[in-house]
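Visitor: Chains as they are written, first to last, in the numbering used here: chain A, 11 to 69; chain B, 6 to 229; chain C, 6 to 229; chain D, 20 to 224; chain E, 20 to 224; chain F, 24 to 269. Cβ coordinates follow ideal geometry from the N, Cα and C atoms, glycine included. There's a structure below that I have some questions on.
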Amino acid sequence: MTWNSPAEFFAMGGYAFYVWGSFGVTALALLIEPMLLKKRRSEVLRSLQRELSAKERSQ
Amino acid sequence: MNAFGVLSAVVRRDLLVALRRKSEVLTSLFFFVIVASLFPLGIGSEMDLLRKIAPGVLWVAALLAAMLSLNRLFANDHADGTLEQMALSPVPLGLLVSGKILAHWLVAGLPLVLIAPLLGLQYDLSPRALLVLVISLLLGTPLLSLIGAIGAALTLGVRGGGVLVSLLTLPLYIPALIFGAGAVEADISGLGAAGHLSLLAALLTLAVFFAPWATTAALKIALE
Amino acid sequence: MNAFGVLSAVVRRDLLVALRRKSEVLTSLFFFVIVASLFPLGIGSEMDLLRKIAPGVLWVAALLAAMLSLNRLFANDHADGTLEQMALSPVPLGLLVSGKILAHWLVAGLPLVLIAPLLGLQYDLSPRALLVLVISLLLGTPLLSLIGAIGAALTLGVRGGGVLVSLLTLPLYIPALIFGAGAVEADISGLGAAGHLSLLAALLTLAVFFAPWATTAALKIALE
Amino acid sequence: MLTATDLACVRGDRRLFSGLGFTLEPGAWIYLTGENGSGKTSLLRILVGLSPAEAGEIRWQGSAIGRLGDEYRKAVTYLGHHNALKEELTARENLCTGAAMAGINLDAGRADALLGSVGLAGREELPARFLSQGQKRRVALARLLWSESPLWILDEPFVALDVAAVAWLAATLAGHLAAGGMAILTSHQEVLIEGSTMQTLRLAA
Amino acid sequence: MLTATDLACVRGDRRLFSGLGFTLEPGAWIYLTGENGSGKTSLLRILVGLSPAEAGEIRWQGSAIGRLGDEYRKAVTYLGHHNALKEELTARENLCTGAAMAGINLDAGRADALLGSVGLAGREELPARFLSQGQKRRVALARLLWSESPLWILDEPFVALDVAAVAWLAATLAGHLAAGGMAILTSHQEVLIEGSTMQTLRLAA
Amino acid sequence: MSVITWKYASPQYFYPLAGKMIPWFSLLAVIFGAAGLWLGFFVAPTDAQQGEGYRIIFIHVGASWMSMFLYLVMAFWAGIGLSFNTRLSSMMATALAPTGAMFAFLSLWTGALWGKPMWGTWWVWDARLTSELILFFLYLGFIALQAAIDEPRRADKAGAILALVGVVNVPIIYFSVKWWNTLHQGASVSLTQAPSMAKTMLLGMLMMALCFWMYSVAVALMRVRAIMLERERHSEWVANLREVQP
Ligand code: HEM
Ligand SMILES: Nc1ncnc2c1ncn2[C@@H]1O[C@H](COP(=O)(O)OP(=O)(O)OP(=O)(O)O)[C@@H](O)[C@H]1O
Ligand SMILES: Nc1ncnc2c1ncn2[C@@H]1O[C@H](COP(=O)(O)OP(=O)(O)OP(=O)(O)O)[C@@H](O)[C@H]1O
Ligand SMILES: [Mg+2]
Ligand SMILES: [Mg+2]
């Protein structure tokens, strides 16, 4: 183990800003993208459902 | 509808059109980014040299980006007959024109101001110099839109106006370029940017009063 | 009419239109001149500095001038229905397109090559470097027209295409810029320009075979 | 009341017309005909004040239109060969922004109703570039429905319209005239507007 | 002979037509009508091969048009809503370069003669932007006079034409059909072509 | 006829298949990611010269690789779609572009954050960096072009031509920039590593790269499913999907 305490871990030997800046933004991007896709999917599904039920009602 | 209502309706309309063309808002910005990034490719990668030319290059890039988007300021409205309808509207044409210029700045000028610090980093500018760069652009880009509108109106309906407009506006842009790039340079070389910036502000004030009037006159001529 | 007859008819037609729009031939040139002259204004007038950035600035200016005129390559023909007629003509579209690209180079590229030495003098380049500059532009500007045609065809009928075209073509222009400016720089620094120039020629050959094909495909899509 | 006296128009080295005059009273309309290139479009552009006449003058309610300015522009609605539509905006947005630029507030509901009455129900949200030639013309004509101007000047309004739309436009014009409005139209087809006074003005080539 | 079988066209989420078919024999013409937006323009663009059909196929002299390529393009002359004129070029130059791009050599004398027969004598050297709406359409229609194609496909060719020009076009069409040509036209006006077989094709909205 | 059935049927059969594949790829991404992070933060020792700052490598390299790899895959699918007129392959290309652009951005971002402590500047005009930047622009061009065309079929074809032209251009850019740069100066900085740590480091890098790869597959499948629904909204198979029933 290279780290003696959590504080040391988070300090990253003085490079905290750079290391966490990189990992943080990457993590954020990798989390946000699937979330946006989920939203996109549910929006499509909702509009499809609306269309279908409108069609059923008109029949 | 009062004057303000009409103004905001025009601004909203133009922003809506720009957003619909999706790419439009972003591409003016990208042009700025790409031009600013091309120079190091042409010139080489010595940091010292790059830092020296940074204010000039960034300002020229902003100027070109603003200029390129001038074509779409009136040309589309002219081609599809909207401009005719504007000229025939009981609302003063100057008001409608001011709205269009404001919308142009929001779409083509403001984004440049916001992205400029990032491009400045590419050229290794100091935080202070970056701040001056942003302020100079904040004063300068509306000036570019206002002056450019005159050029765009003058070349309207003139075939090949797309390139002619640059010929007309570039000379008018030169004072903005000199004071804008000068401000950043003065800051870098420790001379203080205040003088340049206040001259830029003075030019802007002048243009706000003068340019919409000149633009309106030019448009009326183009429609004859 | 044989293939050559058709080709020359298309070239003549486009040159005629360009000449009729009077301003058109000159403005692309003036744009080049003005951009190349703006830099000393934005950057200051140290001769040493200017000489160093000269190849890059001149090449970037040429590139921007060539790019700006791309809009008019197909857009007018598209708007007035001529392009439709070309696509429906029994003459292969690739031939007509090659004619248009050639005409574009004659109007927007060749004049830049001819005026470049004059601008190079502004930046205090040596006669040898001027010669290399001219040769590099002579090889480079047709390349710019060929690659640009692809971008112009792809953005055809796409709203806001005028600015989108720069986004698409600028990345594709970069090798031309690097080898072109590189040739002049290499000559100035005594390394010999031959290598860069032959790479540029190789790229040109590649583009001559590949670009008209891609442009034709893109045009057919645009018309669908 | 619109009066024109002794109008002349020159294009290049060609004199399109001269000594042209007419008086248009409320409730009446002028049917302007003439061969292709006889100067109909040129005359209409002069009448609305877009281009200057070579000679002669135009008076609206007795005053020269150049001096009236905004007041005359408020009184006139003009529709040229072009439709003044933004291809990117939907039919509804085109209608609303068109009205706003004339200083008139048109909400989305009202706009939809107007689009419905020009036969574009269900196409309110389609960007104008997808509309067919005739549908574009219909959107352009919808401005007549919110216009409050007494004088309509229309350049070939029937072009590209199908039979149903032609009938609708004739009825709309009849209503406008019956309410004391005035109109000037050009057309190469015959136009029948019921219950109105028509004056024919023929330009010779 | 042109045969279309089972054509379908979809725009956005709207099905404009489907199961459309016809056979066009030499000497006959199709009068294509339908309301605004019923898909006439879309059908014509599919027939000339500019846009692909959603389903169905089109055969010229028995072979699919996609496979014929240049040969089919040589057989067809198309005129759309646009005139395909360069505003900067004179009427004569427009005619000559238009022909050159179709691989046909037209000298100035011949072009002037053709312009004369569409009623534009004396306007040969006027740049197209000065021509009136109807005069532009006439220049565009002059391409029918040098065309050697058996099949003419014309989208609203009568628009903007005055009475004389309409008569001229009808006579030209009659001549073309009498010589064994074929034509497909759209129009919102009634069209009368003497001594020819007409098929009416009505697109329902 | 059989070609046509096959062509038109594919999205219909691919849609549920993709749905089944997504969880597996996501799981793999999480596993590789966890392993990579553990190796990167807790097993790999501190670098002798760069201290802890070098740990950026674990994402930087993977992101850079993926950005280049995804461009190739995207161009491949686009080319297939263009030449065989298969809708599914074009949709695949469209689905890959945003993810590729994101990795190009991450490569630039992490590289910049690494460059500041190591080279003292956020950015230098070096061959690798420049070509990565241009790659990012190529992605943006592709996305912007497709977004600007509303007819999907046209957008597919136009995008495909651009992607193919770009693929010819990417190696040209890479070498041109490299040669251009060597004329001025040598390689700016090279990472020096103690040989002892090379192994764990390499393993960690590989794990993270695999994680990004699996992630890209999962996300591209998710996006392609959404695109299928949007584009084929009026087809029968979409109307019959269970998740669409009101
Ligand atoms: C914005 C800045 C940067 C960009 C755009 C960038 C881009 C890239 C690219 C595209 C690669 C993969 C290319 C290849 O494998 O040949 C890469 C790999 C790599 N980069 Fe960067 N980089 C940047 C900054 C840095 C910095 C500051 C460092 C370290 C001081 C660095 C170290 C590395 C290393 C060690 C590799 C892996 C090399 C290999 O496996 O061959 N990069 N980078
Ligand atoms: N510079 C010029 N030189 C000579 N003639 C010109 C010039 N500019 C315009 N013209 C002529 O002026 C006339 C303009 O006519 P205008 O457009 O008003 O006709 P119109 O009656 O509206 O015709 P249409 O029915 O075809 O729309 C045309 O005959 C045109 O040829
Ligand atoms: N993206 C889209 N979404 C929905 N509808 C569309 C879309 N694109 C086109 N349309 C519709 O397709 C039709 C196109 O018709 P087309 O231009 O072929 O008509 P037309 O018969 O030539 O009409 P006109 O007589 O007015 O010229 C129009 O009704 C239009 O509204
Ligand atoms: Mg007219
Ligand atoms: Mg139509």
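List, in order along the chain, the chain B residues whose C-beta lies closer than 9 Å to that of V84 of chain F?
Guide: Neighbours of V84 of chain F on chain B: none; closest Cβ ~22 Å, over 9 Å.
Visitor: Pick out whichever of D:D174, D:V185, D:S168 has its Cα sitting closest to the Cα of A94 of chain D.
Guide: Minimum Cα distance to A94 of chain D is reached at D:S168.
Visitor: Counting only the same chain and skipping the five closest in sequence on each side, list residues whose C-beta sits under 8 Å from that of G99 of chain E.
Guide: Here the set comprises T60, L63, R64, D174.
Visitor: Where does I49 of chain E fall in DSSP's three states?
Guide: Residue state, collapsed to three classes: strand.
Visitor: Candidates F:V191, F:Y162, F:L163, F:V147: which alpha carbon is nearest E51 of chain B's?
Guide: Nearest option by C-alpha distance: F:V147.
Visitor: Helix, strand or coil: how does DSSP classify P95 of chain B here?
Guide: Of the three classes helix, strand and coil, the one that applies to P95 of chain B here is coil, per DSSP.
Visitor: Give me the chain E residues within the contact set of D181 of chain D, using Cβ-Cβ distance strictly less than 7 Å, ordered along the chain.
Guide: In chain order: E54, N55, H207.
Visitor: For chain B, find out if any of its Cβ atoms is closer than 7 Å to the Cβ of P46 of chain F; answer yes or no.
Guide: Answer no: the Cβ-Cβ gap between P46 of chain F and chain B never drops below 7 Å.
Visitor: Which residues of the stretch 166–200 of chain F have a Cβ closer than 8 Å to any Cβ of chain C? Give them in chain order.
Guide: Listed by position, the residues of the stretch 166–200 of chain F near chain C (Cβ gap below 8 Å) are A167, L168, A171, I172, E174, R176, R177, K180, A181, I184, L185, L187, V188, G189, V191, N192, I195, I196, S199, V200.
Visitor: In terms of DSSP beta bridges, what is F36 of chain D paired with?
Guide: Beta-bridge pairing links F36 of chain D to D:C28.
Visitor: Distance cutoff 7 Å, beta carbons only. Does L177 of chain C sit that close to anything in chain F?
Guide: Output row for L177 of chain C: interface = yes.
Visitor: Starting from A74 of chain E and walking both ways along the beta strand (DSSP E), at which residues does that stretch end?
Guide: Segment 74–79, the beta strand (DSSP E) holding A74 of chain E.
Visitor: From R157 of chain D to A23 of chain B, what does the alpha carbon distance come to, in whole angstroms?
Guide: Roughly 25 Å separates the two Cα atoms.
Visitor: If we ignore side chains and look at the alpha-carbon of each, how far apart do A14 of chain B and L142 of chain C end up?
Guide: Cα-Cα distance, rounded: 48 Å.
Visitor: Output, in chain order, the set of chain F residues within a Cβ distance shorter than 7 Å of I39 of chain B.
Guide: Ordered by position in chain F, the residues that pass the 7 Å Cβ test against I39 of chain B are F160.
Visitor: Beta-carbon of L58 of chain A versus every beta-carbon of chain F: anything under 7 Å?
Guide: Interface residue, yes.
Visitor: Does the distance from the C-beta atom of G40 of chain D to that of A23 of chain D stay below 7 Å?
Guide: The answer is yes: Cβ separation under 7 Å.
Visitor: Excluding the five sequence neighbours on either side, which residues of its own chain have a C-beta within less than 7 Å of the C-beta of L202 of chain B, listed in chain order?
Guide: Same-chain partners within the cutoff: I140, S141, L144, A188.
Visitor: Quick one, which of B:Q127, B:L182, B:P122, B:L119 has its alpha-carbon nearest G138 of chain F's?
Guide: Nearest option by C-alpha distance: B:Q127.
Visitor: With a cut-off of 8 Å, do at least 3 Cβ pairs link the stretch 170–185 of chain F to the stretch 210–227 of chain C?
Guide: Segments in contact, yes.
Visitor: Looking at the C-beta of A222 of chain C, does it have a partner C-beta in chain E at a distance below 7 Å?
Guide: So, not an interface residue.
Visitor: Could you have a look at I212 of chain E and say whether DSSP puts it in helix, strand or coil?
Guide: Here I212 of chain E sits in coil by DSSP.
Visitor: For G209 of chain F, is the classification buried or exposed, using 16 other Cβ atoms within 10 angstroms of its Cβ as the cut-off for buried?
Guide: Because G209 of chain F sits at a pLDDT of 42, beneath the cut-off of 50, its placement in the model cannot be relied upon, and the following sentence gives the value as read from the coordinates. The residue in question, G209 of chain F, is exposed, as its Cβ has fewer than 16 Cβ neighbours within 10 Å.
Visitor: Let me make sure I understand the geometry here. Which of E:L125, E:Y97, E:G141, E:H101 has the alpha-carbon closest to that of D82 of chain C?
Guide: Comparing Cα-Cα distances from D82 of chain C to each of E:L125, E:Y97, E:G141, E:H101, the minimum goes to E:H101.
Visitor: Quick check on F251 of chain F: does DSSP put it in helix, strand or coil?
Guide: The amino acid at residue 251 of chain F is misidentified as Phe; the sequence shows Met. Correct three-state label for M251 of chain F: helix.
Visitor: What residues of chain E sit near R157 of chain D, judged by a beta carbon separation below 8 Å?
Guide: What R157 of chain D touches in chain E: N55.
Visitor: Between the alpha carbons of L21 of chain D and W165 of chain D, how many angstroms are there, rounded?
Guide: Going from the Cα of L21 of chain D to the Cα of W165 of chain D covers about 22 Å.
Visitor: Would the beta-carbon of N55 of chain E be found less than 6 Å away from any heavy atom of ligand 3?
Guide: Flag set: Cβ of N55 of chain E near ligand 3.
Visitor: Quick one: what does DSSP say G74 of chain F is sitting in, helix, strand or coil?
Guide: In this structure, G74 of chain F counts as strand in the three-state DSSP scheme.
Visitor: Just checking: is the beta-carbon of A59 of chain C within a distance shorter than 7 Å of some beta-carbon in chain F?
Guide: For A59 of chain C, the answer is no, since every Cβ of chain F falls outside 7 Å of its Cβ.
Visitor: Helix, strand or coil: which one does DSSP assign to T144 of chain F?
Guide: Looking at T144 of chain F - three-state DSSP - the assignment turns out to be coil, as it is neither helix nor strand.
Visitor: For the stretch 19–94 of chain C, list the alpha helix (DSSP H) runs that are entirely contained and at least 4 residues long, ordered along the chain.
Guide: Listed in chain order, the complete alpha helix (DSSP H) runs (minimum 4 residues) inside the stretch 19–94 of chain C are 28–48, 52–73, 76–84, 87–93.
Visitor: What's the gap between the Cα of L220 of chain E and the Cα of V178 of chain E?
Guide: Going from the Cα of L220 of chain E to the Cα of V178 of chain E covers about 19 Å.
Visitor: Can you find a C-beta in chain D that's less than 7 Å from the C-beta of A158 of chain B?
Guide: Taking Cβ atoms only, chain D never reaches closer than 7 Å to A158 of chain B, which makes this a no.
Visitor: Does the distance between the C-beta of K59 of chain D and the nearest non-hydrogen atom of ligand 4 fall short of 6 Å?
Guide: The answer is yes for K59 of chain D.
Visitor: Against E253 of chain F, what residues of chain A qualify as contacts under a CB-to-CB distance less than 7 Å, listed in chain order?
Guide: Within chain A, the residues near E253 of chain F are V54.
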